[in-house]
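Numbering (my numbering), first residue to last: 30 to 605.
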């Protein structure tokens, strides 16, 4: 083996922590960005949240106020995407550092300004004669809590109440019970045994207090604990006599022993589950869709003839119903087509997901990151970044005051370095948010320019678009465009859309023009909606209908688009 020493020149690209932070801010949606900024305000004492009443100047280098339109140019966002931020120099005193100073002096100086602002705010509120308004939060019960309240109204034993609560607690958000009942029974028995043990221990402790009122006996320190006594009492004691036979010693029966809860069985679990399925909403806790629909059909108080037929279909011809074999059902039940249609229509109105997908009903609201409006006078598109939720940021003036204060020299080197880093982080965050807004406006302007027909005529005028087209138009990297597009929404006069909606592949039409695949999918959906319900179109027939409209799409592509739209095959779309 020969050892050698070589000199090599290589070029590598690395990201600084500030660049990584900027890229993370770039891909955050509006709500998450607000949370990140507020978290940074809590962690960084050099960063303060300002209010519009304080007269913040948005043009200052150390301040950022959302809501103003960002002016951008190709010079402001270079190819590297990250601006280099100038670091301020910290004057280091030449005298010897005193490490014995008060370590809380820095925070006293830092919080001094906040204390004055609090006093001013308190004085302002004291001058007002209005009484404070109290907001009372309305208490809402989840679906599981409502069912537990309903089950308590039933005539059940104590162990059956515990079993019912365990069954309801194991139901998924869609209202189905996917866990085996035997596992729930075993878990319930463990809970019951634990409750019985606690009752027995309490009984033993109370008996000892009655029988031994003297508490200052030193021998009580070595007495057997109540828990050990109960466990030992439940063990049968026996021995082998001279003849080799086992002799059991019967324990004296405690006439004052508390009544214990009995263990539950799988038969009781089936009985309680059936009663839960009869509660409101009916079908909750079912183990299959068939069981859920049957429970809802049985919950009808006075069913008519069609509803009785629907129950028979669910119990005896469920597979034929799911496969839409209507002729087989007509032959099996010997009914007319109108009669069967009425029964099937009743089944369709039942709820296959009694849990509503969420036991705690919530509403998901989309907050758009952009708003695009069209100027009626100039017919130009006005793009605005929705950053009204982002706090107004400003730098804390304590850093400049500390450098001028005599106490600054008393800080050690580590403290000064920590203060300086926090100041630079706050300064970078303010500039990074401004840079983020500028980049987002640039990308959204490019998308609006390339998809101008959409904003003028609607979704039917959507054009094919890929990330590379926007990257070439803005001069940004494709990865930067992807970070801005992911998870962002824009509000238009035609609705609120995710930015990914504007990007799609293309297919050539008969005229030779490229058409967006989203437009073709919408046309395909319209064809299926207008098809005859008793004889739906096959994929080959849909392809021919698309060709009549000028879209040359193969049968396999039609099947692919149909599956992406979650539309079943023709046999499952058939209706009476």
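Heads up, the beta-carbon is just placed ideally off N, CA and C, and yes, glycines get one too.
Treat the numbers as computed from the prediction; the structure is a model and nothing was measured.
Secondary structure of residue 520 (DSSP, three-state): strand.
Of all alpha-carbon atoms in 309, 289, 448 and 554, the one lying nearest the alpha-carbon of residue 594 is that of 554. In the DSSP secondary-structure assignment, residue 77 is bridged to 423.
By a beta-carbon distance limit of 8 Å, residue 380 contacts residue 310. Their separation comes to about 7 Å. Only residues of its own chain outside the window of five on either side were considered, and among them 476, 479, 480, 531, 532, 533 and 545 have a CB closer than 8 Å to the CB of residue 494, listed in chain order.
A Cβ-Cβ distance of about 6 Å is found for the pair residue 177 and residue 197, placing them in contact under the 8 Å criterion. For residue 413, the secondary structure class from DSSP, reduced to helix, strand or coil, is strand. For residue 188, the enclosing alpha helix (DSSP H) covers residues 187 to 198. Apart from sequence neighbours up to five positions away, the residues of its chain that approach residue 395 with a beta-carbon distance below 7 Å are 518 and 525, ordered along the chain. Note: residue 399 is bridge-paired with 414 and 519 in the DSSP secondary-structure output.
Scanning its chain for C-beta atoms nearer than 6 Å, with the 5 sequence neighbours on each side dropped, one finds around residue 70 the residues 76 and 78, in chain order. By alpha-carbon distance to residue 421, the top candidate from 463, 444 and 385 is 463.
The residue from 581, 469, 527 and 590 with its alpha-carbon nearest to that of residue 547 is 590.
Across the structure, residue 221 and residue 187 are spaced so that their CA atoms are roughly 10 Å apart. The beta carbon of residue 305 sits closer than 8 Å to the beta carbons of 176, 180, 193, 196, 197, 313 and 314 from its chain, once the five residues preceding and following it are set aside; these are given in chain order. Straight through space, the alpha carbons of residue 214 and residue 398 are spaced by roughly 50 Å. Residue 523 counts as exposed, since fewer than 16 other C-beta atoms from the protein chains shown sit within 10 angstroms of its C-beta. Taking 8 Å as the cut-off, the beta carbon of residue 461 is found no closer than this to the beta carbon of residue 424. Beta-bridge pairing by DSSP links residue 537 to 543.
When C-beta atoms of the region 402 to 420 are compared with those of the region 58 to 70, three or more pairs fall below 8 Å, so the two segments count as touching.
When only Cα atoms are considered, residue 485 and residue 498 end up about 20 Å apart. Look at residue 508 here: in three-state DSSP terms it is helix. In the structure shown, residue 494 adopts extended strand secondary structure according to DSSP, grouped into three states.
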